[in-house]
Amino acid sequence: MATPRVPKALSDEEVRHFVLGTFGQGRWTQDSPIVPDVWISFIRRAEQHAQSAVRGDDVPDQTVDLLITPWTGSLPGQIARSLRGLLTNEKARLARIATSSSRVVARLDFEAVSKFVVPLTGWWQALPDGFRDLIAGDLLDVIRKGGPRLEFIRFVTLVGFITEMKRARTYAQITVLYRIARRLGKDPQDGHKPVKNADEFDADLRVLLAHVDLNMDPPSEPDQKRIWLININRTASQTVFDSRKTVKADAAQRVFDTDGKGITFAVIDNGVDATHVGFIDQDNPRVRRSEKNGTALGLDDLHWSSRVKATYDFSHLRELLADAAEAPDRATDTLIARKQSSSYFDKIHRDVRSLAGRAEEGRGLDWSIAAPLIEIPHDENYVVPADDHGTHVAGILAARVEEPEDFDRPLIGVCPKLTLYDLRVFAADGNGDEFSILAALEFIGWLNRDRDNPVIHGVNMSLALRHDVDSFGCGRTPVCDACNQLVGAGVVVVAAAGNMGFDGVAKQSLGSGYRTVSITDPGNAEDVITVGSTHRRDPHAYGVSYFSSRGPTGDGRRKPDILAPGEKITSTIRGNRSQRLDGTSMAAPHVSGAAALLMARHPELIGQPRKIKKILMDTATDLGREPGFQGAGLLDILRALQSV
Numbered sequence: 001m002a003t004p005r006v007p008k009a010l011s012d013e014e015v016r017h018f019v020l021g022t023f024g025q026g027r028w029t030q031d032s033p034i035v036p037d038v039w040i041s042f043i044r045r046a047e048q049h050a051q052s053a054v055r056g057d058d059v060p061d062q063t064v065d066l067l068i069t070p071w072t073g074s075l076p077g078q079i080a081r082s083l084r085g086l087l088t089n090e091k092a093r094l095a096r097i098a099t100s101s102s103r104v105v106a107r108l109d110f111e112a113v114s115k116f117v118v119p120l121t122g123w124w125q126a127l128p129d130g131f132r133d134l135i136a137g138d139l140l141d142v143i144r145k146g147g148p149r150l151e152f153i154r155f156v157t158l159v160g161f162i163t164e165m166k167r168a169r170t171y172a173q174i175t176v177l178y179r180i181a182r183r184l185g186k187d188p189q190d191g192h193k194p195v196k197n198a199d200e201f202d203a204d205l206r207v208l209l210a211h212v213d214l215n216m217d218p219p220s221e222p223d224q225k226r227i228w229l230i231n232i233n234r235t236a237s238q239t240v241f242d243s244r245k246t247v248k249a250d251a252a253q254r255v256f257d258t259d260g261k262g263i264t265f266a267v268i269d270n271g272v273d274a275t276h277v278g279f280i281d282q283d284n285p286r287v288r289r290s291e292k293n294g295t296a297l298g299l300d301d302l303h304w305s306s307r308v309k310a311t312y313d314f315s316h317l318r319e320l321l322a323d324a325a326e327a328p329d330r331a332t333d334t335l336i337a338r339k340q341s342s343s344y345f346d347k348i349h350r351d352v353r354s355l356a357g358r359a360e361e362g363r364g365l366d367w368s369i370a371a372p373l374i375e376i377p378h379d380e381n382y383v384v385p386a387d388d389h390g391t392h393v394a395g396i397l398a399a400r401v402e403e404p405e406d407f408d409r410p411l412i413g414v415c416p417k418l419t420l421y422d423l424r425v426f427a428a429d430g431n432g433d434e435f436s437i438l439a440a441l442e443f444i445g446w447l448n449r450d451r452d453n454p455v456i457h458g459v460n461m462s463l464a465l466r467h468d469v470d471s472f473g474c475g476r477t478p479v480c481d482a483c484n485q486l487v488g489a490g491v492v493v494v495a496a497a498g499n500m501g502f503d504g505v506a507k508q509s510l511g512s513g514y515r516t517v518s519i520t521d522p523g524n525a526e527d528v529i530t531v532g533s534t535h536r537r538d539p540h541a542y543g544v545s546y547f548s549s550r551g552p553t554g555d556g557r558r559k560p561d562i563l564a565p566g567e568k569i570t571s572t573i574r575g576n577r578s579q580r581l582d583g584t585s586m587a588a589p590h591v592s593g594a595a596a597l598l599m600a601r602h603p604e605l606i607g608q609p610r611k612i613k614k615i616l617m618d619t620a621t622d623l624g625r626e627p628g629f630q631g632a633g634l635l636d637i638l639r640a641l642q643s644v
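Each residue of the sequence shown is one higher than the one before, starting from 1 at the first, in full-length UniProt numbering.
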C-alpha cells in the first residue's frame with residue numbers, strides 16, 4: 001500500500017495573500033474586526049489540527065492569545081463578564097480572561113471567536129438584514145459587484161477555510177483545501193483580476209462554505225459590550241561609562257549642577273535589582289550614618305535605603321485577575337505563597353474578594369485594589385529579578401558606584417540621584433506580552449491622577465513588540481495608543497527603536513542586509529522619544545549601529561527621533577556586579593536621563609513631554625547620516641540644557 005503523500009503546506013506569503021487578496025480582489029487592508037495576524041494564527045492552528053488528525057496524534061493547542069479593544073463607550077469589564085458567561089467553564093478557565101483599564105485579554109479558540117466574540121463587534125452588528133442569506137445565492141455576482149457584501153463573503157470564506165481544515169481527516173482533503181486557498185488568494189500587488197473559471201470558482205467557495213454556521217446573534221445589550229477590534233496579544237522582547245562623555249552628561253552635571261534629584265522615572269522592563277549598591281540613596285541621613293558606622297545595609301533596610309522606591313510585577317496581573325474571577329481561593333493561596341508570609345492573609349483575602357465582585361458585576365479594574373497585590377515588598381521577602389537586562393538599563397540611567405568590584409573606574413549613570421520605580425512586565429522565564437505592558441502604562445496614569453503633583457515624571461521602555469504593517473495602523477497599536485495617552489497626560493515616554501536594522505537571513509523585500517521601516521513598537525508611537533544606537537565613543541566615525549532599527553515608520557513619519565550610545569555599554573547587573581551589553585535598550589536610558597536632567601534643572605518643563613522632545617531633537621548633533629537612520633542626530637545633553 002502506497003504511503004499517502006504529505007501535501008506542501010501554504011507558505012507565509014500564500015497565507016497572507018489568501019487573507020488579504022481573496023477572490024483576486026486585491027486589498028492591502030481588510031474591513032472585518034479580526035486583523036490579518038489573527039486570521040493567520042488561526043489558519044496555522046487549523047493546519048496543525050488537520051495534520052495531527054491524519055497522523056492520529058494528539059491535537060495541539062488551538063487557542064490564540066488575543067487583545068480585544070472595546071468600542072468607544074463600551075466597558076472592558078462588561079465584555080469580559082459576557083465572555084465568561086458564554087464560554088463553558090473549562091474554556092473560561094483556560095482563556096485566562098482579564099481586563100486592563102482599556103482592553104480585554106483572552107486565550108480563545110476559533111470557535112469561541114466566531115460564535116461569541118464576532119457577534120459582539122460593531123462590524124457584525126451593523127450588517128444589514130439578509131447578509132447571511134448571501135452565501136446561498138449567486139456568489140460570483142456578489143464578488144463582481146464588490147462593496148460590503150464582498151467583504152462579508154471574504155470573511156465567511158476565511159471562516160469556512162478554517163472550519164474545513166479542522167474537519168479534514170486525510171491528506172487528500174488537506175490538499176484540496178490548499179489548492180483552493182492558492183486559487184482564491186492573489187497577491188495584492190496583482191490588483192483586481194476577473195475570475196477566469198466561474199464554475200471552478202463557485203465550486204471552491206461551496207466547499208469552504210459547506211459547514212459555516214452563521215447563527216451568531218448580538219447580545220441583548222450591545223452598546224455596553226460592543227467590540228471594535230480583535231488582535232494578537234503580542235509577545236515582547238528586550239532590546240538588548242564612556243558613553244556619558246559622548247552625550248556630554250558629565251559636562252552637563254558639572255556646568256549646571258544637576259543630577260536628576262527630585263525626578264522619578266519608571267523603568268518598564270524585566271526588573272531592577274533594588275539591592276545593588278549603585279542604587280543606594282546616598283543623600284539619606286540614615287544611609288550616611290550606616291556607612292560611617294560601618295553597618296551593612298540589609299533587606300530590612302531596603303524600603304528606605306534604595307532609590308528604587310517601589311517594585312510591581314505586572315507579569316502576574318493577568319493570572320491574578322483571571323483567578324480572582326474564577327477561583328478566588330486559588331488566587332489568595334497563590335498570593336500568600338508569593339509574598340511568603342501569612343501575615344498578609346486578611347488583607348489579601350479581602351482584596352481578592354473585591355476583585356471577584358467587580359468581575360462578577362462587569363466593573364473595570366480598580367488599581368487601588370490590584371496594585372498592592374502585585375507589589376513586591378522591599379523587605380526580607382524581596383525578589384531579585386531573574387535577568388540582568390532591567391538592572392543594566394536602570395544603571396545607565398541612574399546608578400552611582402564609586403568603586404565597583406569588577407570594573408576599573410567608577411560607574412556613574414546619567415542621573416545618579418534619580419528616583420526609580422521598577423515595573424516588571426517580563427516573567428522570570430523571560431516571557432512578556434502586550435497586555436502586561438499596557439497595564440503598566442495605565443498604572444502610571446493612575447498614579448499620576450493628580451496631574452499637578454505627578455508621582456512619575458517619565459518612563460523608559462527598552463523593549464520591543466514586532467509590528468506588522470498590514471495588521472494594524474502604524475503607531476496606532478494598543479501599546480502605541482497607551483504611550484501617546486500617557487504623553488498627553490504629561491509624562492515623558494522614551495522607547496528603544498529596536499534591534500532589527502540588519503537581518504542576515506531575510507528573504508523578503510531587499511533580501512539580506514539593511515532593513516528600512518524596521519522600527520518596533522512602542523517606538524512607532526508619534527509622541528514617544530524613539531532612540532536609535534550609535535558607538536559609545538566615536539559616533540562621528542561609526543555612525544548608526546548596524547543593528548539599530550531604521551525608519552521611516554510604516555505610515556511615513558521620521559523615526560528614530562534621536563541617537564545615543566548603545567554599543568559595548570558597561571553598567572550594573574544583579575549581585576553588585578557590572579557587565580558590558582549592546583542594543584538600543586542601552587541607548588534609550590541615555591535619553592531618559594537627559595529628559596530627567598532637563599526637568600530637574602527646569603521644573604517648569606515637568607508635564608511638558610512634547611516640549612522636552614523638541615528641545616532634545618533641536619539640540620542634537622547631526623552625524624551626517626540619513627534621517628531615517630539617525631533621526632535628528634546624536635543626543636547632546638549639555639547643549640539641551642544650554643538652550644533653555
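Quick reminder that beta carbons are idealized off the backbone N, C-alpha and C, glycines included.
Evaluate residue 78 with the Cβ neighbour count: other Cβ atoms within 10 Å of its Cβ, from every protein chain shown; 16 or more gives buried, anything less gives exposed.
buried
Cα-Cα separation, residue 717 to residue 560
Residue coverage of the chain in this structure runs from 1 to 644, which leaves residue 717 outside it and unanswerable.
Thinking residue 104 and residue 68 are a contact (beta carbons under 8 Å), I'd like their distance in whole angstroms, please.
4 Å
In terms of residue numbering, what span does the beta strand (DSSP E) encompassing residue 437 cover?
First-last for residue 437: 434-447, but that is the alpha helix (DSSP H), not the beta strand (DSSP E).
Of the listed residues 156, 12, 636, 396, nearest to residue 279 (C-alpha basis)
396
My guess is that residue 462 and residue 588 are in contact by the Cβ rule of under 8 Å, so how many angstroms apart are they, rounded?
5 Å
Does the distance from the CB of residue 428 to the CB of residue 386 come in under 8 Å?
yes
Look up residue 71 in the DSSP assignment and say whether it is helix, strand or coil.
coil
What residues are listed by DSSP as bridge partners for residue 464?
237
Going by the CB atoms, is the gap between residue 364 and residue 99 shorter than 8 Å?
yes
From residue 444 to residue 49, what distance separates their C-alpha atoms?
42 Å
Taking 8 Å as the limit between beta carbons, can you name the residues of its chain near residue 81, skipping five residues before and five after?
359, 360, 361, 362
Could you check how far apart the C-beta atoms of residue 592 and residue 265 are, in whole angstroms? I think they sit under 8 Å.
6 Å
What is the C-beta distance between residue 311 and residue 468, in whole angstroms, given that I count them as a contact (C-beta under 8 Å)?
About 33 Å separates the two Cβ atoms, so there is no contact after all.
Counting only C-beta atoms, is residue 145 closer than 8 Å to chain B at any point?
Although the question refers to chain B, the structure presented lacks it and comprises just one protein chain.
Taking only the alpha-carbon atoms, compute the straight-line gap between residue 572 and residue 632 and give it to the nearest angstrom.
29 Å
Output the distance between the C-alpha atoms of residue 460 and residue 159, rounded to the nearest integer angstrom.
41 Å
At what residue ranges does the stretch 517-585 contain a whole run of the alpha helix (DSSP H), taking only runs of 4 or more?
539-542
Suppose you measure from the CA of residue 550 to the CA of residue 562; what does that come to, to the nearest Å?
11 Å
Just checking residue 443 against the ligand HEM - is the residue's beta carbon closer than 7 Å to any of the ligand's heavy atoms?
Ligands displayed in this structure: none; no statement on the ligand HEM is therefore possible.
Measuring straight from C-alpha to C-alpha, what distance separates residue 485 and residue 176?
48 Å
Can you tell me whether DSSP reads residue 309 as helix, strand or coil?
strand
Paired residues, beta bridge with residue 98 - DSSP
105
Cα-Cα separation between residue 379 and residue 275, rounded to whole angstroms:
10 Å
Can you tell which of 481, 570, 568 has its C-alpha closest to the C-alpha of residue 527?
481
Whole-number beta carbon distance between residue 38 and residue 64, since they are thought to touch under 8 Å:
7 Å
Nearest to residue 116 by CA position, among 207, 101, 215, 199, is which residue?
215
So what's residue 488 in DSSP terms, helix, strand or just coil?
helix
At which residues does the alpha helix (DSSP H) containing residue 139 begin and terminate?
139-145
Does residue 304 pass the burial test, meaning 16 or more other C-beta atoms within 10 Å, or should it be called exposed?
exposed
Per DSSP, which residues does residue 388 bridge with? Please list them.
Paired residue(s): none; residue 388 is not in a bridge.
Using DSSP's beta-bridge definition, name the partner residues of residue 116.
Paired residues: none, contrary to the question.
Cα-Cα separation, residue 8 to residue 40
17 Å
Where DSSP assigns a beta bridge to residue 496, which residues make up the other side?
531
Do the stretch 153-170 and the stretch 224-231 make contact, defined as three or more Cβ pairs closer than 8 Å?
no
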